[in-house]
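Report on the structure given below.
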Amino acid sequence: MAGSEGYDARAYDAKMEQVLTGEGDEISSTWNEVCETFDEMGLHENLLRGIYAYGFEKPSAIQQRGIVPFAKGLDVIQQAQSGTGKTATFCSGILQQLDYNLFDCQALVLAPTRELAQQIEKVMRALGDYLQVKVHACVGGTSVREDIRILQSGVHVVVGTPGRVYDMLRRGSMRPEYIKMFVLDEADEMLSRGFKDQIYDIFQLLPQNLQVGVFSATMPPEALEITRKFMNKPEDWKLDTLCDLYETLAITQSVIFVNTRRKVDWLTDKMRARDHTVSATHGDMDQNTRDIIMREFRSGSSRVLITTDLLARGIDVQQVSLVINYDLPTQPENYLHRIGRGGRFGRKGVAINFVTKDDERMLQDIQRFYNVVVEELPSNVADLI
Numbered sequence: 001m002a003g004s005e006g007y008d009a010r011a012y013d014a015k016m017e018q019v020l021t022g023e024g025d026e027i028s029s030t031w032n033e034v035c036e037t038f039d040e041m042g043l044h045e046n047l048l049r050g051i052y053a054y055g056f057e058k059p060s061a062i063q064q065r066g067i068v069p070f071a072k073g074l075d076v077i078q079q080a081q082s083g084t085g086k087t088a089t090f091c092s093g094i095l096q097q098l099d100y101n102l103f104d105c106q107a108l109v110l111a112p113t114r115e116l117a118q119q120i121e122k123v124m125r126a127l128g129d130y131l132q133v134k135v136h137a138c139v140g141g142t143s144v145r146e147d148i149r150i151l152q153s154g155v156h157v158v159v160g161t162p163g164r165v166y167d168m169l170r171r172g173s174m175r176p177e178y179i180k181m182f183v184l185d186e187a188d189e190m191l192s193r194g195f196k197d198q199i200y201d202i203f204q205l206l207p208q209n210l211q212v213g214v215f216s217a218t219m220p221p222e223a224l225e226i227t228r229k230f231m232n233k234p235e236d237w238k239l240d241t242l243c244d245l246y247e248t249l250a251i252t253q254s255v256i257f258v259n260t261r262r263k264v265d266w267l268t269d270k271m272r273a274r275d276h277t278v279s280a281t282h283g284d285m286d287q288n289t290r291d292i293i294m295r296e297f298r299s300g301s302s303r304v305l306i307t308t309d310l311l312a313r314g315i316d317v318q319q320v321s322l323v324i325n326y327d328l329p330t331q332p333e334n335y336l337h338r339i340g341r342g343g344r345f346g347r348k349g350v351a352i353n354f355v356t357k358d359d360e361r362m363l364q365d366i367q368r369f370y371n372v373v374v375e376e377l378p379s380n381v382a383d384l385i
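Numbering follows full-length UniProt numbering, in which position 129 of the sequence shown is assigned residue number 129; successive positions increment by one, without gaps.
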């Protein structure tokens, strides 16, 4: 039943390489792991029971490459025809991540037709049989009242067509706040049927931190456009903005604050990959290494320092003209410790905060705590630094 006949693994890899590296595309492949059995995928025992009970024995090419990254919460784009096992790929990834004690919609799957949506519902229900998953197909041509009743009684997954799903969201019958996974199946077919605007409307109503899966038989430019739009994470926007700042402004010295040690390492690697010279320090480094890095920064041989709150109070550098809160601090009290690093001894200093939708509440807390208004970055910021 896995449908692997006629769908050679090497041909699949070659096709996906072509899709992901097409000229002008900004989508990259970051997953190379291939699992040749379901048992080595690290799936819940009761999910494995459902997979085997459904009749699967060995994963198909798409399942070998797609189930694990989706189950780990990564965005996934796969080009696959019907009969290749793609439905079981995203169904398994969804079922692995659900909180079965929470009876609110956590995953939304859109399909172009009522028949396909109902077929996905059947597969999801069968694979999740031993997990007691609650799935509902929200499609046109059925009772709106019955949809509302079932949604209000509590479901884990909604599979549906764009029109009915949007209607349920707009009515408030389907609550979006717990949705963490969003899948477009047969994306090319949905676009050819004119659902593009409706898909965008639905996406605007969903939480920002959303895992996205796009599955399509073909990858026309419109499908890649929709993929880029949905998969472009706030972290990517922040990184692009940060690099733009350093490329356009004359900055003597600056400190960039993030919230975790892991983020320090991640951002350091990303900036160095874009040919920016940066230093980094955090609490996992031994004291001797931290002292050397700080000496280089104080002497001016290093001009950009990436660090965490832990070391905010210990940075006393006269030439720091710019402090960037790449992540807003998790406590309002730490905001002053950070921005106090810039413009010491009467010199001018600027603090720039990177704010995504998830940060808006913390920004409000900071403004209330200090009784200040943090204004939007002015166009003449270069004159202030």
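Even glycine gets a Cβ: it sits at the ideal position worked out from N, Cα and C.
Query raised in the report: Which residues in the same chain have their Cβ closer than 7 Å to the Cβ of residue 391, if we skip the five residues on either side of it in sequence?
Result: Given that the chain is displayed from residue 1 to residue 385, the structure contains no residue 391 and the question cannot be resolved.
Requested in this report: Measure the C-alpha to C-alpha separation of Gln204 and Gln198 and round it to an integer number of angstroms.
Outcome: C-alpha separation (whole angstroms): 10 Å.
Query raised in the report: According to the Cβ coordinates, are Ile306 and Leu267 closer than 7 Å?
Result: Contact check for Ile306 against Leu267 passes: the beta carbons are separated by less than 7 Å.
Query raised in the report: Using 7 Å as the limit for Cβ to Cβ distance, is Leu48 near chain D?
Result: Looking for chain D here will not work: only one protein chain is present.
Query - Residues that DSSP places opposite residue 386 in a beta bridge - result: As shown, the chain starts at 1 and ends at 385. That puts residue 386 outside it, with no answer to give.
Query raised in the report: According to the Cβ coordinates, are Leu384 and Val350 closer than 7 Å?
Result: Yes. Within cutoff.
Query raised in the report: Going along the chain, which residues of its own chain have a beta-carbon closer than 8 Å to the beta-carbon of Met174, five neighbours each way excluded?
Result: For Met174, where only same-chain residues beyond five positions count, the Cβ hits under 8 Å are Cys105, Cys138, Leu151, Val158, Val165 and Met168.
Report task. Classify Leu108 as helix, strand or coil using the three-state DSSP reduction. Result -> Of the three classes helix, strand and coil, the one that applies to Leu108 here is strand, per DSSP.
Query raised in the report: Glu375 by DSSP, collapsed to three states: which one?
Result: Secondary structure at Glu375: coil, using DSSP grouped into helix, strand and coil.
**Report entry** Whole-angstrom C-beta distance between Ser279 and Val304, which should lie under 8 Å
**Finding:** Their Cβ separation, rounded to whole angstroms, is 7 Å, which keeps Val304 and Ser279 in contact under 8 Å.
Query raised in the report: Is DSSP giving Asn353 helix, strand or coil here?
Result: If DSSP states are grouped into helix, strand and coil, Asn353 belongs with the strands.
Requested in this report: Compute the beta-carbon to beta-carbon distance between Leu336 and Ser254, rounded to the nearest angstrom, for a pair I have assumed lies under 8 Å.
Outcome: By a beta-carbon distance limit of 8 Å, Leu336 does not contact Ser254. Their separation comes to about 18 Å.
Query raised in the report: Considering only the beta carbon of each residue, do Val381 and Tyr326 sit closer than 7 Å?
Result: It is not a contact, given that the beta carbons lie outside the stated cut-off.
**Report entry** Simplified DSSP state of Gln81, which is helix, strand or coil
**Finding:** In this structure, Gln81 counts as coil in the three-state DSSP scheme.
Requested in this report: Could you tell me whether the Cβ atoms of Ile67 and Gly42 are closer together than 7 Å?
Outcome: The answer is no: Cβ separation not under 7 Å.
Query raised in the report: Once you ignore the five residues that flank Thr330 on each side, which residues in its own chain have a CB closer than 7 Å to its CB?
Result: So the list reads Asn259, once near-sequence residues are dropped.
Query raised in the report: Thinking C-alpha only, which one of Arg171, Ala217, Glu186 and Glu222 is nearest Ile202?
Result: Residue Arg171 is the option with its Cα nearest to Ile202.
Query raised in the report: Looking at C-alpha atoms only, which residue of Cys35, Asp284 and Leu245 is the closest neighbour of Ala71?
Result: Nearest option by C-alpha distance: Cys35.
Query - Span separating the alpha-carbon of Ile292 from that of Asp236 - result: Approximately 31 Å between the Cα atoms of the pair.
Query - Cβ-heavy atom distance, Ile256 to the ligand MG, below 6 Å - result: The ligand MG is absent from the structure shown, which contains no ligand whatsoever.
Query raised in the report: From which residue to which residue does the alpha helix (DSSP H) around Asn334 run?
Result: Residues Glu333 to Ile339.
Report task. Ignore the nearest five residues each way along the sequence and tell me which others in Lys238's own chain have a CB closer than 8 Å to its CB. Result -> Cβ within range, chain order: Tyr326, Phe354 and Thr356.
Report task. State the beta-bridge partners of Ala280 as determined by DSSP. Result -> The partner list for Ala280 (beta bridge, DSSP) reads Ile306.
**Report entry** Buried or exposed (CB count within 10 angstroms, at least 16 for buried), Asn101
**Finding:** Around the beta-carbon of Asn101, fewer than 16 other beta-carbon atoms lie within 10 Å, marking it exposed.
Requested in this report: Rounded to whole angstroms, what's the CA-CA distance from residue 389 to Arg295? Just pull it up for me.
Outcome: Outside the shown range of the chain, which is 1 to 385, sits residue 389, and nothing can be said about it.
Query - Residue environment, Pro59, which counts as buried when at least 16 other CB atoms sit within 10 Å - result: Sixteen is the threshold: when 16 or more other Cβ atoms of the shown chains lie within 10 Å of the Cβ of Pro59, as they do, the residue is buried.
Query - CB of Leu47 within 7 Å of CB of Leu116, strictly - result: Using a Cβ distance threshold of 7 Å, Leu47 and Leu116 do not count as a contacting pair.
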